[in-house]
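Chains U and H, in that order, give the protein sequences. Offset between the first sequence (1-based) and my numbering: plus 2. Offset between the second sequence (1-based) and my numbering: plus 326.
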Amino acid sequence: MKKIVPAFALIAMVLLTLSATTAIESDSNLTENFVTGNPGIASINHISFGPEGILFLGDSKSAAIYALNTKDVKTAAPATEININGFDKKVASALGTTVENIKITDMAVNPISRNVYFSVQAADGTPVLLKLKGEGFENISLKDVSYSKIELTDPIPADAKDKWERPLRTWAISDLKFHDGQVLVSGLSNKEFGSTFRKIPFPFKDGQEYASLEIWHAAHGEYETHAPIKTFDVIKLDGVDHLMASYTCTPLVLFPLDELKEGKHTKGRTVAELGAGNSPLDMISYEREGSTYFLMSNSNRPVMRIKYDDIADFKESLTDPVPVFAETEGVPYDNLPFPYVLQMDNLDATHVIYLQRQSDGDLRLRVRTTEWM
Amino acid sequence: MDVVCAHNTFKKIKKIKWYLIFFCSILLAGCHEESVTIEQVDYESERPVGITFSTNMDIEKLRVFVGEESQTSVIGVIVGDKGKHHFAPVVPFTEGLTYTFRKNNTEVMASFTIPKRENTGGAELIAIHPKVDTVPENLLKMYFEFAQPMQEVQNALDFISVVNETDGIEIKPFLRLESELWNKERTVLTLWLDPGRIKTDLIPNKEKGLPLTAGKRYTMAIDSSWKSIQGTPLLKKYTKKFYVGPRDDTMPKTKEWQLCMQIEDSVKILLMDFGEPMDAFLAKETIRVYNTGDRQIQGKFNLLENESVLRFVPDEEWSTPKIEVRIESRLEDLAGNNLNRLFDTEVKKDPNQRTPKAVFRIPFEVR
């Protein structure tokens, strides 16, 4: 009997260890309608992880969003010592070409496995999805994969009799994120100018809601209906989810998410003017010592850090012009000493991974603890 | 005894034999040098999608690299057996580049260069829309139409320059987007003239003014180094000269359009004169013709007179004398004014704004 107890204990320990380190089993039905095969992905403009290792891909060429089951669901500690110089050159070499023949379009971290994924477009049009492995890469097949797909439909004329065949419209997908059972997509059409924001329930069915967004731009006394969202995040204010959208030149605007509905022009509340002559690139959030912060990378300014409490406390809406070039108004922010950050994501709760162009032109992939951000 | 002796002798010979076999094996092994021989570059749809090679090596030890310096091996799949193998990279090989097969990532075993294809005429820019020589001051967008799919990587604006000839200065009128607006075939590029600068009183408008100024002459140049997907540069440097006229602050009015029939080769053709140039792509996709039975009449559309006249040739003879032209309200003129609203307007409270309609209709009689 004495021998049996330790044996059981050992087995129990092994089982516990296995359950803690191996794949997360899920009884959800998120992948129930997935099929396996070649989804026909034509381009990858943006990528973002959802639950259970599902990666969402925005394909502007096909005007579609794909959900890929990466099956990358083994929990692991992140590699926090990443510091890779000449990153674009490495990607190009791995794809058998030179750096002028590739474009790294996005980066996303799998929140379960902590693996870092990159979407790359080759000059010949081949879309590629790579997973970082040490200082090398693993190619994730886009031709034989478990997936589901939804096309970004056009607003259809109200008169059903007048629906007719139209050439496929291109949507330049400017950002994409999964939030609370929905894929949120901002985009811009190649035909009629106008920013559209979509909420697509996941698992994909037929429905999707799109909304035209108006912002109150601080530089003039009119509503701006057509500015394209460059990047966005979701922020909960007074218990209500808000879309926090950033635009070129660089207003930060809040829209209650549940008010973004089809056919409804929704007016946003501008809470910050973060400076003209700039375009936002990426936005993430993290928590430190009980406070939430947002980070926003920019084309012509360093990474900005904005405190959640400052946004929550700002109850006004900016309506007056900012008279001096590049001056800022509204919610305060800090400039972090990281210029030219092109891509960012949370590696884990305490680390951020980012792609940064150095002053000598080198593209570097680095990890930094949020303690120093 | 003899037998024993014979047996001993046999045992000695057997021993020598094994020594000989061992020695020869060593010798043969020494002679059997590892090698990789390039057989051919494999093409699919004229793209170099792989390389066929033969080797006596364990292929697990072999990797393909770009040139001799790169430390990152090319990702790909090796298939094959009996010494003949095929390596397919994730992305087709790049023309003009030299690749090496390396043993254990270091020792170069073989190399191959992907030949550059002969320039078969080059890529071609078919048209720049609008085609008209005089554009409104608040021109909203331009389309660039190519004969071949164009490359995916560099920003299109790196190849397009615009000079204000009147003042002798280079300008940057277009909105730069991370995700460019190409059609799926990557043959048509849409470029927006920065809408923030066109809309009155927006920050970009106040800071920089309109992208184009009335009364000035401009030359747009498209650099010949812009390549197609196949890596072929444009045939030549293309230029378009245009003059900027006054602002267009009026919505297209379908009631003022002139419709008429014209007979060509005994076929009755419908001509719709807009009275002004319209968006070249929207004009062809937002206008349709219906007969009295509410059936859409199939046919071909093309634009004439600098995109100010739409020509419709029905596939079959007109079945009814009465027809109806239906126009989706999203049709725009060159300034982005559609059938329901001006581009530069406040959606919230425009007293002159028409009640929005999805479709506008023009009845017409075929004679």
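For each residue, glycine too, the CB sits at the ideal point set by N, CA and C.
Kindly say whether residue i, judged by its beta-carbon, lies nearer than 8 Å to any beta-carbon of chain A.
i	result
T420(H)	Among the protein chains of the structure shown, namely U and H, there is no chain A.
Considering only the alpha carbon of each residue, which of the options lies closest to residue i?
i	options	result
K510(H)	G42(U), P113(U), N71(U)	G42(U)
F568(H)	N664(H), K498(H), P462(H)	P462(H)
F296(U)	D146(U), S248(U), T198(U), I231(U)	S248(U)
D182(U)	P205(U), L190(U), V147(U)	P205(U)
T526(H)	T681(H), M577(H), V692(H), L668(H)	L668(H)
M546(H)	D659(H), L636(H), F485(H)	F485(H)
M375(U)	M346(U), Y356(U), L338(U), R366(U)	L338(U)
S176(U)	A96(U), P129(U), Q358(U), S50(U)	S50(U)
V685(H)	I377(H), V514(H), V651(H), K467(H)	V651(H)
K73(U)	D362(U), G52(U), E153(U)	G52(U)
S143(U)	V416(H), T432(H), F500(H)	V416(H)
I86(U)	N40(U), G136(U), K63(U), V37(U)	G136(U)
S551(H)	K594(H), L451(H), L596(H)	L451(H)
Once the 5 residues before and after residue i are set aside, which same chain residues still bring their CB inside 6 Å of it?
i	result
N430(H)	K387
T330(U)	E275, L276, G277
V405(H)	H412
V101(U)	D90, K91, A94
M285(U)	T233, D235, M298
R502(H)	L483
E261(U)	T268
R370(U)	V354
V130(U)	V122
Which same chain residues end up closer than 7 Å to residue i when comparing Cβ atoms and leaving out the 5 residues on each side of it in sequence?
i	result
E590(H)	none
A606(H)	H455, P456, Y469, L629, E633
A160(U)	With a pLDDT of 32 at A160(U), under the threshold of 50, the predicted position of this residue should be treated as unreliable, though the coordinate-derived value follows. Answer for A160(U): no residue qualifies.
A609(H)	L629, E633, L636, L657
L170(U)	Residue placement at L170(U) is flagged as unreliable, the pLDDT there being 44, under the threshold of 50; a coordinate-derived value is accordingly withheld.
E394(H)	T426, V434
Y369(H)	V375
A414(H)	V375, G376, G402, V403
N490(H)	I497, K542, Y544
How would you call residue i, buried or exposed, if buried means at least 16 neighbouring beta carbons within 10 angstroms?
i	result
N348(U)	buried
K105(U)	buried
M476(H)	buried
E478(H)	buried
D549(H)	exposed
D493(H)	exposed
L353(H)	Note that L353(H) scores 45 on pLDDT, short of 50, meaning its location in the model is unreliable; the coordinates nonetheless yield the value given after this. It counts as exposed.
D146(U)	exposed
R523(H)	buried
G98(U)	buried
A78(U)	exposed
T565(H)	exposed
Q588(H)	exposed
T107(U)	buried
N531(H)	buried
R512(H)	buried
R303(U)	buried
Please confirm whether residue i and residue j have their CB atoms less than 8 Å apart.
i	j	result
A323(H)	E506(H)	Because chain H in this structure spans residues 327 to 693, residue 323(H) falls outside the shown range and cannot be described.
N141(U)	A124(U)	no
F316(U)	V333(U)	yes
I653(H)	T580(H)	yes
D641(H)	G625(H)	yes
V375(H)	P418(H)	yes
I364(H)	A436(H)	yes
P603(H)	L665(H)	no
R366(U)	Q360(U)	yes
L256(U)	H244(U)	yes
I46(U)	F58(U)	no
Y149(U)	A44(U)	no
D336(U)	R290(U)	no
Could you name the residues of the same chain whose beta carbon sits closer than 8 Å to that of residue i, not counting the 5 residues immediately before and after it, in chain order?
i	result
S351(H)	Low local confidence applies: a pLDDT of 49 at S351(H) is under 50, so the model's placement there is unreliable, with the coordinate-based value given in what follows. Taken in chain order, the list of residues that qualify is empty.
N382(H)	H358, E360, S361, G409
Y310(U)	I237, S287, S293, T294, Y295, F296
Answer yes if the region 554-572 of chain H comes into contact with the region 441-453 of chain H, meaning at least three C-beta pairs across the two stretches below 8 Å, and no otherwise.
-> Output reads yes: the region 554-572 of chain H touches the region 441-453 of chain H.
Decide yes or no for the touch test of the region 413-428 of chain H against the region 390-400 of chain H: beta carbon pairs closer than 8 Å, at least 3 of them.
-> Touching, yes, given that three or more Cβ pairs across the two stretches are closer than 8 Å.
Three or more beta-carbon pairs under 8 Å between the region 563-583 of chain H and the region 453-472 of chain H, yes or no?
-> When C-beta atoms of the region 563-583 of chain H are compared with those of the region 453-472 of chain H, three or more pairs fall below 8 Å, so the two segments count as touching.
Does the pairing of the region 512-520 of chain H with the region 540-551 of chain H give three or more beta-carbon distances under 8 Å?
-> In the pairwise beta carbon analysis, the region 512-520 of chain H is classified as not touching the region 540-551 of chain H: fewer than three pairs are separated by under 8 Å.
Contact between the region 77-94 of chain U and the region 369-382 of chain H: three or more CB pairs below 8 Å?
-> No, the region 77-94 of chain U is not in contact with the region 369-382 of chain H.
Do the region 111-120 of chain U and the region 339-356 of chain U make contact, defined as three or more Cβ pairs closer than 8 Å?
-> By the Cβ test, the region 111-120 of chain U is in contact with the region 339-356 of chain U, since at least three Cβ pairs between them sit closer than 8 Å.
Segment contact, 8 Å Cβ cut-off, at least three pairs: the region 638-648 of chain H with the region 610-619 of chain H = Because the criterion of three Cβ pairs below 8 Å is met, the region 638-648 of chain H and the region 610-619 of chain H touch.
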